[in-house]
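Here the protein sequences come in this chain order: A and B.
Just so you know, we're using the UniProt record's numbering here: the first sequence kicks off at 1 and counts up by one.
Just so you know, we're using the UniProt record's numbering here: the second sequence kicks off at 1 and counts up by one.
Glycine is no exception: its CB is placed at the ideal position from the N, C-alpha and C atoms.
Take a look at the structure below.
2 protein chains.
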Amino acid sequence: MAYNIPVEATLDVIGGKWKVVIMCHLIKGERRTSELKKLMPGITQKMLTQQLRELEADGVVNRTVFDQVPPKVVYSLTEYGWSLRPILDAMCSWGEGHIALIEKEVAN
Amino acid sequence: MAYNIPVEATLDVIGGKWKVVIMCHLIKGERRTSELKKLMPGITQKMLTQQLRELEADGVVNRTVFDQVPPKVVYSLTEYGWSLRPILDAMCSWGEGHIALIEKEVAN
DNA sequence: CTGTATCCGTGAAGATACTG
DNA sequence: CAGTATCTTCACGGATACAG
């Protein structure tokens, strides 16, 4: 694939609808599938799995399966995934500021 | 709207399919509609206008109309839009590194 | 040159049920 | 608990034509 501008490559990796949200949660530490679901009430099982698979394929997320019953699967950022941290941090903090701004406007 | 995590607010603003690309181009300076189209061969007139309108509505992009014939419209980042720069810069440079990595893999 | 309006196909994403 | 498999829906986004 030829990109017209490098940033498109970034969007290929974290441009999915839920990918940034998932990554932001994983920054705080590894999470089980069920934990991620609770953290993202809006996502369906299908989408969660799908987005995680794609992140895995791009080498930014790790999937660890514990061979036990009931099953336990844990997701975490790979070392390469950690290189996205500056982006994720920036997006998180900008979002906080933006929300504060919106609520201020609503108050008026 | 209630966000489950602040970063969702950020995605509301720059989560559109072309928004980050547009913003990255505007970082380098104001651009006319036709210039943006050339910079983004894959985008349609409709999508370009739509995404620009939404960015405008969110206060991150400015639209300046010159009253002349033929029409001339110039887009630029607003002051608030500039606050997104850390995110955009990080995404751009990460993309560059990611592309380099991919091409290296292909070479093997 | 810039923008709007319309039509329409595709595919993303939801709901549901089922497996191990 | 975690994941897969269908089926369906609907909105995103493309193509096209037209207007100022």
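Check	Outcome
Chain A contact residues for Asn108(B), given Cβ-Cβ distances below 9 Å	Ordered by position in chain A, no residue passes the 9 Å Cβ test against Asn108(B), which lies about 15 Å from the chain.
Inter-residue Cα distance where the pair is Ala100(B) and Val60(B)	31 Å
Delimiting residues of the beta strand (DSSP E) encompassing Lys72(B)	Lys72 to Leu77
Contact with chain B by Val74(A), beta-carbon distance below 7 Å	no
Buried or exposed (CB count within 10 angstroms, at least 16 for buried), Glu103(A)	exposed
Rounded separation between Gly95(B) and Arg53(A) - CA only	20 Å
Contacts that Thr10(A) makes with chain B (C-beta to C-beta distance below 7 Å)	Met91, Trp94, Gly95 and His98
Within chain B, partners of Ser83(A) - CB distance below 8 Å	Trp94 and Gly97
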